[in-house]
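K.L.:
Residue numbers (the numbering used here): -19 to 983.
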């Protein structure tokens, strides 16, 4: 066989470099068959060969082992092929090549923690038998000795890990030994720190201060990675010193540990010692007494801090002090599930599974993201916290032991527990092998082909001669990720269903109390009620019950992600009961993950949408197809209304159909909005079109009712005003309108006026009066005509001539301002054109007087003083408050009154369009306009979100955290960012108010 073919067969990627290194003088005279037999065992033979040649150059005696039979040389080739970093270490320290002079064991034993501690302490000439060892060396010499001894321990472990017959089976032992090594290194670093502290303190002071190092996270759980920060908490015993002096000594000792482990030195640092999980985090003292810890946890600690203590374990220092600390915090851990804020903390844990992943890394993450390691850890830790209070068998620190305990206790089904355990071990094995190569902290899957092939080989046991392709590795990884996601839902919710449905199953079932505790932990406020809903959905032997037993695990998880999972589950039950065994509904839930997730999202985050879906469950079908969520628009709605009116001549039937169409389209728009399919300006326009179609339909019905008693004597026009005229309405908006009429030929003004008044009175009633049977969950359209001439004291409807006469003789500047947003909404087209021709000179004057400007300002100040509700916080009132909707709209309207007569660009009923036009005309600076527009858009969005969330209109930024969270999510903020919305709105509105006062009042 040619050399190139042998290289390919051995797994080489760079054939040219491989040939060059094989020809190196260092390998002269060695049996090539033995060399190739060794390289065939290496995960990355390219790296193994290069490291081997460099090692022999430094230590020629290694030639004998390199050419030995494979049984003897296996440790050498497996380590050099799996870790470039360990090869570099051995090149720096060839005296540690003796690590390869061992016989590889297929079932290796984990190192004794005490022996590791002794080895690391001996490396810095400290006495392992002393209760508080002090090193016999300091400074760079001590740091190099400690780090070298630690890395020798890693080499010893890597030999066992890479030669173990079943790497998955040995994986927990690897994590435990790495944690023990880290603890031993910190113990040695503390001994060095004590020796160095002699320069600052007396020997009695150093010896008198006890320091326990508490390992947290993976180190505390004894499931550490090959390279990882080591999270710690320092507990101090002051002894006979006063607390202040002892704290100074203890801080120096703790700082010295980090210096010995990670400071810049000849031998590179090991890993960072991270004490940020201590009370008060970075802001708190580095060391505290046990009493200080207890006081903090009793008075100030947040829920997540108790959950973090789940992994706490003494790893170095004063063992007796550490044990007292562990004993003190244990009750706090297992009572945390009953504390206020636990649910919010759990939700934060969930978010950490997926948050802060750079887009470029999302598809490569092994630790974060759906189906990653953190997903497994979240599930296991949450189940421990929920059930561990009453079941001490679950109080395990490491993940694999916790999974076994959960299965033994019946909290997880046996098959699911085995699958979850296997998935976790596989993901950790991938992480270990990736990190081992360069001893670099990473959780990303490699991207280049050679690295992937090497990793695929590295995760196999020594008895496998295969070299799987990169695609096979990626496929296995993706399959594991999918399995983790599915297992999360099955593990967490399947026992609930078994309990609720009273199934005779060999799988996991829970007591009612345990089931309710599990639901409460995920945010269900009424877990007993939730169990009743689950029972109703899954009971029986029907196809629907069977399918919902299959689907509910993931549906319950999606509902739990919402702000109100209880309401979402109740709504889901009602929708499911209403649709019964409808084939398309069950099929959609089964076959369309996106539709099912979207359904759970809207049901648990929107009272308005949930209420509408409950009374029109057939609309659930839209969720499976974005095309069905596209708003129909005015023309399509009007065509449907006229078609149905032609078949239903009686007014009540016609109005029922018109109002049902409006209710349906509001629901369609709201769901499309929730799915991110509509921009904010389009939502306002589509809602306005829906109202327009309903008003036009009601006008035609009213005219039909009047014409039944005689001929029509007048043409009526409904003119939209305010936000309705600007097509900027939200889900809770009334319709501000004015009514105009013009007598038809052959009829007197008096007759026409009387009939017009009757028509508009009927119109308003037709849109609001109760129907029998009632239209459930309808948001009736209230017609508000207060902006008409003379306001509430004026005639409800006027003729066009009367409007002309009024505006000629009596019109005030506020009425011209109101007309800026006037837009024909429904009625006679000719009358609409004539009305616009009448009002355009009034609302777009060539100029306005200084007195008019002062009057606009005076009225605005009066509105602020008189119309803001008593007790309302001006900073939180979206409409009339500081920098709210009113400020922006009044400023824009003043600019229109002053300049629209000369600049047609300003002749628009849209606030944002008018603001853009003002920028183009240099009437407002671009930065000022952006600030005003941002504040206006956010206030509008919050206003709509209030209705979407609660089903009720509100002009206030919510104060309740729960309400604010719901509103924030609707406004596009990530879960848990309610405070960010509040801060953004208060900041924006405050700055917008400053711009408003400068431009409107001239301040």
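We put the CB at the ideal spot given by N, CA and C, even for glycine.
Small disclaimer: the values here were computed from a predicted structure and weren't measured.
Do you know how far the Cα of residue 203 is from the Cα of residue 607?
P.N.:
49 Å
K.L.:
Ordered along the chain, which non-local residues of its own chain (more than five positions away) have a Cβ less than 8 Å from that of residue 589?
P.N.:
Excluding positions up to five away in sequence, the list reads 582, 583, 647, 650, 651, 654, 928.
K.L.:
Taking DSSP's pairing of strands, which residues face residue 779 in a bridge?
P.N.:
721
K.L.:
Compare the C-alpha of residue 399 against each of 377, 148, 902, 515 and name the closest.
P.N.:
148
K.L.:
Along the chain, which unbroken stretches of the alpha helix (DSSP H) at least 4 residues long are found entirely within the stretch 545 to 618?
P.N.:
545 to 559, 563 to 571, 573 to 585, 587 to 595
K.L.:
How big is the Cα-Cα spacing for residue 484 and residue 390?
P.N.:
The pLDDT assigned to residue 484 is 43, lower than 50, so where the model puts this residue is not dependable, and the model offers no usable value.
K.L.:
Whose C-alpha, out of 14, 19, 10, is nearest the C-alpha of residue -2?
P.N.:
19
K.L.:
Would you mind working out which of 379, 342, 386, 360 sits nearest residue 372, comparing C-alpha positions?
P.N.:
Nearest of 379, 342, 386, 360 to residue 372, Cα basis: 386.
K.L.:
Since residue 1049 is in the alpha helix (DSSP H), which residue starts that stretch and which ends it?
P.N.:
With the chain covering -19 to 983 only, the question about residue 1049 has no answer from this structure.
K.L.:
So who's on the other strand from residue 991, going by DSSP bridges?
P.N.:
The chain is shown from -19 up to 983; residue 991 falls before or after that span and cannot be answered.
K.L.:
Touching or not, the stretch 781 to 793 and the stretch 803 to 810, by the rule of three or more beta carbon pairs under 8 Å?
P.N.:
no
K.L.:
Do residue 10 and residue 46 have their C-beta atoms closer together than 8 Å?
P.N.:
yes
K.L.:
Quick check on residue 529: buried or exposed, where buried means 16 or more other Cβ atoms within 10 Å of its Cβ?
P.N.:
buried
K.L.:
State the start and end residues of the unbroken beta strand (DSSP E) segment that holds residue 804.
P.N.:
803 to 807
K.L.:
Are the CB atoms of residue 514 and residue 392 nearer to each other than 8 Å?
P.N.:
Pairing residue 514 with residue 392 gives a Cβ-Cβ distance that is not under 8 Å.
K.L.:
Along the chain, where does the alpha helix (DSSP H) that runs through residue 186 open and close?
P.N.:
183 to 188
K.L.:
In this structure, does DSSP put residue 62 in helix, strand or coil?
P.N.:
Helix.
K.L.:
Three or more C-beta pairs under 8 Å: does that hold for the stretch 887 to 902 against the stretch 913 to 920?
P.N.:
The stretch 887 to 902 makes contact with the stretch 913 to 920; the number of CB pairs closer than 8 Å reaches 3 or more.
K.L.:
For residue 896, does the three-state DSSP call read helix, strand or coil?
P.N.:
helix
K.L.:
Between the stretch 606 to 620 and the stretch 557 to 568, can you find at least three pairs of beta-carbon atoms closer than 8 Å?
P.N.:
no
K.L.:
So what does residue 214 bridge to, in DSSP terms?
P.N.:
193, 267
K.L.:
For a quick check, are the C-beta atoms of residue 186 and residue 229 less than 8 Å apart?
P.N.:
yes
K.L.:
In the DSSP assignment, the beta strand (DSSP E) including residue 888 goes from what residue to what residue?
P.N.:
Taken as a continuous stretch (DSSP letters only), residue 888 belongs to no beta strand (DSSP E), as it is neither H nor E.
K.L.:
Buried or exposed for residue 195, please, with buried defined as at least 16 other CB atoms from any protein chain shown within 10 angstroms of its CB.
P.N.:
buried
K.L.:
Quick check on residue 716: buried or exposed, where buried means 16 or more other Cβ atoms within 10 Å of its Cβ?
P.N.:
buried
K.L.:
Using DSSP bridges, identify the partner residues of residue 293.
P.N.:
195
K.L.:
Note down the Cα distance separating residue 116 from residue 302, rounded to an integer number of angstroms.
P.N.:
25 Å
K.L.:
Residue -16: buried (16+ other C-beta within 10 angstroms of its C-beta) or exposed?
P.N.:
exposed
K.L.:
Looking at residue 189: is its Cβ nearer than 8 Å to the Cβ of residue 219?
P.N.:
Going by C-beta atoms, residue 189 is nearer than 8 Å to residue 219.
K.L.:
Out of 509, 943, 977, 5, which has the shortest C-alpha to C-alpha gap to residue 961?
P.N.:
943
K.L.:
Considering only residues of the stretch 370 to 429, which uninterrupted alpha helix (DSSP H) runs meet the minimum length of 4 residues and lie entirely inside it, listed in chain order?
P.N.:
379 to 388, 394 to 418
K.L.:
For residue 104 and residue 80, what's the separation of their Cα atoms in angstroms?
P.N.:
24 Å
K.L.:
With residue 694 as the anchor, note down where its beta strand (DSSP E) starts and where it stops.
P.N.:
694 to 700
K.L.:
Taking C-beta to C-beta, are residue 142 and residue 58 nearer than 8 Å?
P.N.:
Closer than 8 Å, so yes.
K.L.:
Assign residue 983 to buried or exposed, taking buried as 16 or more other Cβ atoms, counted over all protein chains shown, within 10 Å of its Cβ.
P.N.:
exposed
K.L.:
From what residue to what residue does the alpha helix (DSSP H) around residue 638 run?
P.N.:
631 to 654
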